[in-house]
Amino acid sequence: MTDAENGAPEESSMSPDTGGAVPAQASAERGPVDADGGVEAAGPEAGPTDEDPESGPADSDAGASAPDTAGPGGDAADRAAAVAALAERVRSVGRSGPGAAASSADSADPSSEGGAAPATPADGTGTGRVVTDEQRAQALRATAEVLGAGGAPAELATAAVSVFGDGAAEQLREDPWAVLSLPGVRPEHADGFARGLLGPAAGPGDPRRAQALVGWLLEQAALRGHSALEIGEVTAGLERLGVPDSAAAVQAAVLDGRAMPFQEELTGAEAHAAGGEDEDEPPTRTLLALERLALAEESLADGLVRLMSTFVPGEDHEEADGATGETEETGDGTDSGSAEEAGALAEADGAEADAAEADAEAETDTDAAPQAPAAPGPAAWEAAAAAAPSSSAAALVRAAAGSALVLHTGGEAARAEPAALLASATGLGLRAWAATWTDHGRDAFAALAPLADTPAPAPVATLAELLAGAAGPGRSPDGMLALDLLVVLDAPLLDVELAATLLESLADGTRLVLSGDPGQLWSAGPGRFFADLLTAKVCPAVASRTPDFGPIGELVSGVGIGELQPVEAPDKEVVILTAKDSGEAVHRAVQLLTDSIPRALGIPSEQVVLLTPGHGGGGGTRALNAAAKARLNPGPGRFAGFDPGDRVADSPAPGHTRLARVVDGDAAGLHLEYPDGSRRTVAPAEAQKLRHGWALTVHQAVGRHWPGAVVVVPDDAAAALSRQWVYTAFGRGERHLSVVHAAGPALPQAVAERPAAPRTTRLRAILAENAAQEY
């Protein structure tokens, strides 16, 4: 299994003379899409990676390369019994030990990660103490000295001080394995660093090592999309890493607060697979989770339940026939009421007049009271549904009328339905906005009818803009988004932490519509928010009946049901080519980019993208970008490897990629221009995180489309392929799709047999405990 399949960064430039210490060039991020757009989702979704020829195997006492064993007890039955016993002990610790206190959101710091001291804008220790420049410089020097003493590169000092604060040097001396909390550090590196500091005392059974490895395993699982891991998987991972007593290590990590335990009842197929036939005692499993992810999923579930429980639909208001209703008249034409009643009414009318006059005077001195939010009733919503442009759009409008939380599924053409809902809600007087994943998605959604038919700017922003306040409705005095209805496009791309942040920003009773294509890749971060909600069935879900038309839509639809079949493409909308190896695949892909597609179809190369599973290997983004640059913009790479005119992929955070063009470079940094005309200067130290952008990974391409797309499937990409990946990759082209694959039968097999890489999450179980399964 490669490093990427383990969820580790794909590069490790550890020198042979470091004794297995920390790599000299540690990756800045360890997410499924690293900060420079690096490793995509690890595990089966990860692409081929580069193996560093200088990195030797882990030292023997590290146990990193120890073979899989059955663990204590020998055979599978004994191991299962041992894991069950450990689970019970861990659950008891979680109920009564220090870890139980940590489970409270009031007492726990959600920013802490893997037992490391949480970072803050002050000194990084969570104390809030402000650190001067001199104190920080001193901390960096002391930390670099400790790192050097252990054989680790001094460049890690900045990351260490960021994680541990100005006491990083002391922290690393006391616990050398704490270096595992730093980006890009693997167990073999930490073991080498510990030996450099502790000498022979640094053994595989050191309790500090064991506890650090528990946190590291959970972090690696998060890189593969898991928000939690079954306890048996954790103990098995510890045994592979040479920990003598994995059960004790897990218990200690729970007591220390590095991991939080949870017990879940299994249902459906999971219960059957576990052999649970006794209805009185359903089978259970024990999960371990990092505190930040455990709290995020709890907060996310609480937010969803809060929206649903506080939602009050509007009511229709009929006008009364009169202020006091009809009255009977006597024979002489007067009301049947007594004279006293008439006098009382006259006095009341006079009092009302006086009050109205007083109110009018008050209005001249004070601002008018804010208007009550619009609350259209069923009749208004039904009229809006009747005016919807399609039956699917009408169904979505009706669902939003009666529910606070609505799910909407469909392909690219189905995005017209949430656009119709947004227009209807705005017409009914609601404060309604939509949020997309990318700026490309924002502009494309705003151009849809009926949003494009109104003179006012469409109420659409990217999700990042909305949450940051850079665009959108702004915030109410209570800090919540000033919204009555929010439509979130590309909902499958939200990980649990981002989704929790979004829910915390919505006021009670706000309508939330989550729309997305369930066949596409999940989030770069941990969790499967949208998929878990669909499975939980706690809210209405509207499945669009609007298909994606044309040969590309037909091909993608077939992939979605597990079939890779040829389609009729009279205008060369779809072209599938085979290659004997990755080298030939790269050659043919670049030829399509630079010559064939522009010449035959009239799509300029600037509007064509190359897509591949990963960055490394013979058919990864590095090889493709090098070949594309040699043809389209040859140059020496004067500015940090880039030349003016180069296409660049800027990935500031996992799952977020912006495309840009290099304008120039100087001592100040690399000057980039983005498609919207904005410019940014990237400092020289940050420029190394950029990548050329003619070729992207499919994870980098989510949320956007190109007129032309060339999907490259290298011969070493079999482990990276899944139906989900192929579905997403093939759907990036709007007018033309070329597929160049050297994977042989691995491509159709992935489509037919591997829907998606599994993820272990807790959201569905939490919702089952707190919300009724009514849909």
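All residue numbers for the sequence shown refer to the working numbering, where the first residue is 127 and numbers rise by one.
C-beta: ideal position from N, C-alpha, C; glycine also.
- Burial is judged here by how many other beta carbons sit within 10 angstroms of a residue's own beta carbon; K706 has fewer than 16 and is exposed.
- Beta-bridge analysis with DSSP links S516 to no other residue.
- Listed in chain order, the beta strand (DSSP E) runs fully inside the stretch 645 to 702 are 667 to 669, counting runs of at least 3 residues.
- Boundaries cannot be given for H443, as no alpha helix (DSSP H) includes it and DSSP labels it neither H nor E.
- In the DSSP annotation of this structure, L413 is not part of any alpha helix (DSSP H); the continuous beta strand (DSSP E) holding it starts and ends at T410 to A415.
- By the Cβ criterion, the stretch 685 to 694 is not in contact with the stretch 719 to 733, since fewer than three pairs of Cβ atoms, one from each stretch, lie closer than 8 Å.
- The three-state reading of DSSP puts E314 in helix, counting H, G and I together.
- At a Cβ-Cβ threshold of 8 Å, V289 and L308 count as neighbours.
- Within the same chain, Cβ atoms closer than 7 Å to the Cβ of A794 are found at T807, the five residues on either side in sequence being excluded.
- Cβ-Cβ separation between A354 and L413: approximately 4 Å, consistent with a contact (criterion under 8 Å).
- Three or more Cβ pairs drawn from the stretch 817 to 824 and the stretch 736 to 755 lie within less than 8 Å of each other, which places the two stretches in contact.
- Measuring C-alpha to C-alpha distances from V305 to each of L632, G325 and P279 identifies P279 as the nearest.
- Fewer than three Cβ pairs drawn from the stretch 546 to 563 and the stretch 657 to 666 lie within less than 8 Å of each other, which leaves the two stretches out of contact.
- Contact fails between the stretch 663 to 670 and the stretch 611 to 630, because fewer than three Cβ pairs, one in each stretch, are under 8 Å apart.
- Separation of L737 and R764 (C-alpha to C-alpha, rounded to the nearest whole angstrom) is 26 Å.
- According to DSSP, residue pairing for T588 in a beta bridge involves T562.
- For H713, the enclosing alpha helix (DSSP H) starts and ends at S708 to Q717.
- Around the CB of F675, fewer than 16 other CB atoms lie within 10 Å, so the residue is classed as exposed.
- Burial is judged here by how many other beta carbons sit within 10 angstroms of a residue's own beta carbon; R671 has fewer than 16 and is exposed.
- Distance from L416 to E345 at the Cβ level is roughly 7 Å; contact confirmed, criterion being Cβ atoms closer than 8 Å.
- Check the Cα spacing between G829 and each of V734, T588 and G329: the tightest is with T588.
- Beta-bridge partners assigned by DSSP to G642: T535.
- By the Cβ test, the stretch 540 to 552 is in contact with the stretch 514 to 523, since at least three Cβ pairs between them sit closer than 8 Å.
- For the 8 Å CB-CB criterion, I729 and H862 form a contact.
- Rounded to the nearest angstrom, the gap between the Cα atoms of E424 and A385 is 15 Å.
- From the listed residues G781, A500 and T535, the smallest Cα separation to L554 is found for A500.
- Judged by DSSP in its simplified three-state form, V289 adopts helix.
- DSSP lists T412 as the bridge partner or partners of Q389.
- If you look at R806, you'll find it in the beta strand (DSSP E) that goes R805 to V808.
- In terms of Cβ geometry, R411 and E390 form a close pair [threshold 8 Å].
- For P778, the enclosing beta strand (DSSP E) begins and ends at R773 to A779.
- A835 is bridged by DSSP to V735 and L863.
- Under the three-state reduction of DSSP, T823 is assigned to strand.
- K755 is the residue among A779, P778 and K755 whose C-alpha sits nearest the C-alpha of F768.
- Taking the Cα of T627 as reference, the smallest distance to any Cα among G635, A427 and A506 is reached at A427.
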